[in-house]
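Peer 1: Protein chains in written order, with this note's numbering: chain A, 136 to 500; chain B, 136 to 500; chain C, 136 to 500; chain D, 136 to 500.
Note that beta-carbon positions come from the ideal geometry of N, C-alpha and C, so glycine has one too.
#1: Between which residues of its own chain and residue 143 of chain B is the CB-CB distance below 7 Å, once the five residues before and five after are set aside?
#2: Rounded to the nearest angstrom, how far is the Cβ of residue 313 of chain B from that of residue 184 of chain C, given a contact under 8 Å?
#3: If you follow the beta strand (DSSP E) that residue 470 of chain B is in, where does it begin and where does it stop?
#4: Note down the Cα distance separating residue 388 of chain B from residue 373 of chain B, rounded to an integer number of angstroms.
#5: Per DSSP, residue 221 of chain C forms a beta bridge with which residues?
#6: Please go through the same chain and pick out, in chain order, the residues whose beta-carbon is closer than 7 Å to the beta-carbon of residue 262 of chain D, but skip the five residues on each side of it.
#7: So who's on the other strand from residue 190 of chain B, going by DSSP bridges?
#8: What does the alpha-carbon distance come out to for the pair residue 490 of chain C and residue 276 of chain A?
#9: Using 10 angstroms around the beta-carbon of residue 226 of chain C, count the other beta-carbons present and answer buried if the total reaches 16, otherwise exposed.
#10: Answer yes or no: does any C-beta atom of chain C fall closer than 7 Å to that of residue 152 of chain B?
#11: Residues of the stretch 318-351 of chain B with a CB closer than 8 Å to any CB of chain A: list them in chain order, please.
#12: Can you list the residues of chain C that residue 295 of chain D reaches, using a CB-CB cut of under 9 Å?
#13: What residue does the beta strand (DSSP E) around residue 271 of chain B start on, and which one ends it?
#14: In three-state terms, what does DSSP make of residue 289 of chain A?
#15: Taking only the alpha-carbon atoms, compute the straight-line gap between residue 409 of chain B and residue 305 of chain B and give it to the nearest angstrom.
#16: Within 10 angstroms of its Cβ, does residue 448 of chain C collect 16 or more other Cβ (buried), or is it exposed?
#17: Using a Cβ-Cβ distance under 7 Å, would residue 205 of chain B count as near chain E?
#18: Going by DSSP in three states, residue 487 of chain B sits in which element: helix, strand or coil?
#19: Is it buried or exposed, residue 196 of chain D, if we count other Cβ atoms within 10 angstroms and call 16 or more buried?
#20: Determine the chain C residues that contact residue 228 of chain B at a beta-carbon separation under 7 Å, and present them in chain order.
#21: Near residue 267 of chain A, which residues of its chain fall below 7 Å by C-beta distance, leaving aside the five closest residues on each side in sequence?
#22: Can you name, in chain order, every residue of its own chain whose Cβ lies under 6 Å from the Cβ of residue 484 of chain A, other than the five neighbours on each side?
#23: Which residue's Cα is closest to the Cα of residue 477 of chain A: A:258, A:446 and A:190?
#24: Establish whether the CB of residue 193 of chain D and some CB of chain A are separated by less than 7 Å.
#25: Using a Cβ cut-off of 8 Å, which residues of the stretch 438-459 of chain B contact any Cβ in chain C, in chain order?
#26: Roughly how many whole angstroms lie between the Cα atoms of residue 298 of chain D and residue 154 of chain D?
#27: For residue 392 of chain C, I'd like the list of residues in its chain whose CB is within less than 6 Å of its CB, leaving aside the five on either flank, ordered along the chain.
#28: Let me know the secondary structure DSSP gives residue 261 of chain A once reduced to three states.
#29: Quick check on DSSP: helix, strand or coil for residue 282 of chain D?
#30: For the stretch 487-500 of chain D, which residues have a beta carbon sitting closer than 9 Å to at least one beta carbon of chain C?
#31: Measuring alpha carbon to alpha carbon, tell me which of C:255, C:271, C:343 and C:336 ends up nearest residue 295 of chain C.
#32: Taking the beta strand (DSSP E) that residue 148 of chain A falls in, what are its first and last residues?
#33: Could you tell me which residues DSSP pairs with residue 438 of chain C in its beta bridges?
#34: Leaving out five residues on either side along the sequence, give the residues of the same chain with a beta carbon under 6 Å from the beta carbon of residue 270 of chain D.
#35: Taking the alpha carbon of residue 462 of chain C as the point to measure from, which residue in C:494, C:343 and C:286 has its own alpha carbon closest?
#36: First and last residue of the alpha helix (DSSP H) that includes residue 416 of chain B?
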């Protein structure tokens, strides 16, 4: 009976670009069409397309061959919060609540459920839309892996792989030139990307937002390596690394108010501190958007496909207001209301942190 | 007190080549030296080196820079069972039990514990050695991912990635030439590699040893695709795929007697069946050893590092006879006695199997 | 004035799949549209589409984003010779001359010139069509690099890169297992692919069709390596390698009659010879179609773009009957009549052959 | 007779890190040992090792397995000019002529010839050393491809490939987000890297030092693309791009005085100009050192091997004072005196520039 009720679904991709978006879109669309004989409508450019009613029908041919393609065939937009929607009026930007317009468009399109691919910002917005009556299922997307309620998000494995392979490249230069090389990766509040790619690529010093760093410890490590004959050092730094970092992150999570303090730029800052203290030239490479793009790893293609399939399973069973998630190796769900406004940071006693320390990696403390 | 007793450890890599071996060797050695002030000795060429007493001391420099290197710096050998050890006598091969020699060598080297990297065959041999008094900790290695007692083995992610990227390449040719392309991957008893790389690369038909296939279903799928305008089909086939496959695999696991029936060669067999039935040219690509080699993926480098670290944790706590494993996202252990002689096959109701079906993939049944 | 005469061009991709095909199609189409305000029509599935009059209009959007895509958006076909065109009549295949039909279709479409992407077979057919009045410009395509009249064909760099990276992977297994590993690559008459990828990946023994090999020399090299402590050897073999190989190739080129004797399968043959002589296990990996597919290397994308641009330059100048080529680092042209029916083999005194010998590589003689 | 005189050769790698260095070292060493029975000595850390007499003997084992490794096993240094050698005296840096010390060390080591891998700076220094009596052969190394006297340097293909693949990644983000993305690559005086990787990756706007750019043309191109429905643009910018750039470059080459004016940072500068003019957000990615490192492409491994082999050929023939080079597809040589102090920039009528324009690429003018 429930099965009958859902016959048209919408898909929207919120927030930043992320490898695997197209793989999810493909899985949702194929499953909906093949298994459940539904119709699928894609919104263009994230919430912008929902507010402005710009859509594209998705059928089998439209999603053929997109499994390996980076980016999103639906596009995305910076205008990512329909409750605080930027509009140009009289030459200046004002912010309006366009959620009613969005919901009206959704109804007029005859849609029953929204499948929403996004990170913490997107889930927070969806949560508010659900409160206003929208039926929705979320799929956790972010290269930062910092979404509450899931052990992993799609996109993270690809971003981590790209970052690690970039650090591999830097390694040969550092070694040949006896240089301090600093690689800054994304991650303002959570250090998953820096920690994982740093361990994967054998970084000597890894600084993440969760662990306050002491520049003296960092410099001591570099000197110690030199003393033992390694004239180079590789630093892998999450952009939000901070001498007070841990406290800020913890505070954010506890209070659930992700006020977006600009914490970035740790790489250049630490470079200048090291040069001053050690009279040593260092080079900074900011990976930034490089890790967002490109072909998703096979791991992410599989995860994206599983997430997309599971979203449809829940929809068919009439379960809404949930975000699909992976927990303890099982694909399951979590209420979006529990996810909204939270960030999942790296626990200080994580196995990977203990592994890193044991391998001799300096974590800044 | 226990900590004192272990001061020298040995490492051996059993069975076939696998990405991540060097990453484990590095993690074990670094952790042993840095954290626990132990000495580490590597056996050359697997159990052959243990029987023939060929070793190399492992120190910090020796394991520097090997994190990203494929293969194993210790070498491996086909002579993988010390209880059934092939020797050339009077011009012909006879098999002898050399386990006493192996254990004597181990003692003479003053070693306290053996860290053993291997798959089901290696774990079975280690289990017998433990029964004779050896202290050992196992680390699960195989590109097939079919080891009992762990959700994943190191090497699998790399092999799966290589396989999926190879299928990606085949895709363009299949599409341009409107051809049936058959990619055969390793996996005699378990279909993890075929199933995962097949879903990752969008295979149209995936045949694994666990699911008996009906050639009529396979041909019907190819014809159906043609009818709907897709003039090509990609088949991803585990080498052990068989019309009766599932039964053999189940039998094996239940009885715990992995009698190595040569099940390989499914690719060419199915190719000829298809050509006969559909009067259609098909091409077979056997990936074989291609997926064993090369640089491990960052995912595998992290997993290998965590496994190596955990092995040392257990050794320091005086816990022996265990294999390190990953279960429900946590690194833990399982008694080697429980692992020996078993194979972990893909459950027929696995989420990934249901995902594959939902995406329209034919699994041969 | 000439510029006026050419206002509509056709494109066809003949023969096998090859990285860079789409890059050429894009370059020709963009140049034709942007620079010369022409119309472009693509024939589907090679000469088959020309005979059967199946086409697709090519405009700016159609060729956007295809630069990095493997395969060909136009498709290709095995029915590659319009003068000897296989047709199913009364349940059996007969061969007919369909060239008049092809030319009639071409005229009816209002096309002025044909841009033809292909290898030696395609150029031979085009040459015959030119004799019947067709205006055409050829672009040299083949992963084998054996086309007469050009120093390099597009696709070769990509195929060579894929092959070399595959051999890299094999290397780690060979080294860890002390094994003889044999990698067979495409190349029936010319050894460019085997020689170049073999040198690039440090193959110990490289056998190409141009150089007759002596199995005793091959075995001696393997033994010599063992004697000096290298217990493994990597053989890179062109599929057409033959104890009498050189003579056949030379004969072919001189007489200009490329009768397609099936010379393939050298890999397995040599494997069995080695096993018999040295009582040594060896493994064969046949790369085959793996090197045809995938994203073209940046080198090939640039070369393809330059070739496509140059083809249009010639067309605008009213120069027909030519194949674009690269000679001594300059993009130039050669009459198709000089190219047709010839194969360019590796000269025995090539710098790369001398380099290989000097590095200690055994070339089988 | 000459052959007898050369029995010991030295190798030094000058200047920055570059893919292929190890491949050259391997080729020179293997050829010297296998073919000519010579001894080979490597200087550590470039000219620093020559001045300070730090060396390592190079034999067959030492160069085994380094073909695919990035960086240089010999190390390099910033102290790259022995005639102007920085020394710390009384707490401050003074520059001294240490060339006599260098030559004395060379003689004392019993070396006959120096094989010198480097770019324009290194060749200029070697030229001065030749004037003082040193026998030397140069091998052209630089990722910038701007060395006079050769069509290509080793390292360029690898760097260009890395850059193009990075731009590929950026493409998906740009497309999904409708953004202006600016990728800055190395190249202060010559635009080979920007132009080649830009064409390879389909950059919409490519700015190189040789062509003065007009910011109005750049902005017009972005607006024009938008007008035609492409809401994103990819800019590929050589770090030395400049509104007056061409003149500076030309002046440099003519006068032969490469005074190293810091021309870098074009990326951020142009980003701010665009944002101001078009009220459009843009993102800058500085690839920098990312393109120096990593595994050399198979193309570069082959070129490096050929260069290394040819250097030894010349040495054996008693030809000194030359730099090995590739000209019109042939490996040949050029007197180092002709190379020193010059830079090879992209000719304004280069085929690749004409190709780029024809494809609709804006070159800033």
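Peer 2: Quick answer:
#1: Answer for residue 143 of chain B: 173, 174, 176, 245, 246 and 247, listed in chain order.
#2: Going by Cβ atoms, the distance from residue 313 of chain B to residue 184 of chain C rounds to 12 Å, so no, they are not a contact pair.
#3: 465-470
#4: Reliability fails at residue 388 of chain B, whose pLDDT of 43 lies under 50, so the model's placement of it is uncertain and no value is given.
#5: DSSP output for residue 221 of chain C lists C:230 as bridge partner(s).
#6: For residue 262 of chain D, the CB contacts under 7 Å within the same chain, skipping 5 residues up- and downstream, are 471, 472 and 475 in chain order.
#7: B:178
#8: 51 Å
#9: Per the 10 Å Cβ criterion, exposed.
#10: Closer than 7 Å to some Cβ of chain C, the Cβ of residue 152 of chain B qualifies, so yes.
#11: 331, 332, 334, 335, 336 and 337
#12: Neighbours of residue 295 of chain D on chain C, chain order: 433, 434 and 437.
#13: Looking at the DSSP string, the run of the beta strand (DSSP E) that includes residue 271 of chain B is 271-275.
#14: strand
#15: Spanning the two alpha carbons is a distance of roughly 18 Å.
#16: buried
#17: This model lacks chain E altogether; the protein chains it does include are A, B, C and D.
#18: helix
#19: exposed
#20: Within 7 Å Cβ-Cβ: nothing; residue 228 of chain B doesn't reach chain C, min ~11 Å.
#21: Apart from sequence neighbours up to five positions away, the residues of its chain that approach residue 267 of chain A with a beta-carbon distance below 7 Å are 234 and 238, ordered along the chain.
#22: none
#23: Of the candidates A:258, A:446 and A:190, the one whose C-alpha sits nearest the C-alpha of residue 477 of chain A is A:258.
#24: no
#25: If you check each beta-carbon in the stretch 438-459 of chain B against every beta-carbon of chain C, none falls closer than 8 Å.
#26: Computed Cα separation, rounded: 13 Å.
#27: With a pLDDT of only 41 at residue 392 of chain C, under 50, the local geometry of the prediction cannot be trusted, and no value is derived from it.
#28: helix
#29: Correct three-state label for residue 282 of chain D: strand.
#30: 487, 489, 490, 491, 492, 493, 494 and 495
#31: C:336
#32: 143-148
#33: Paired residues: none, contrary to the question.
#34: 248 and 455
#35: C:286
#36: From DSSP, residue 416 of chain B is part of no alpha helix (DSSP H); its letter is neither H nor E.
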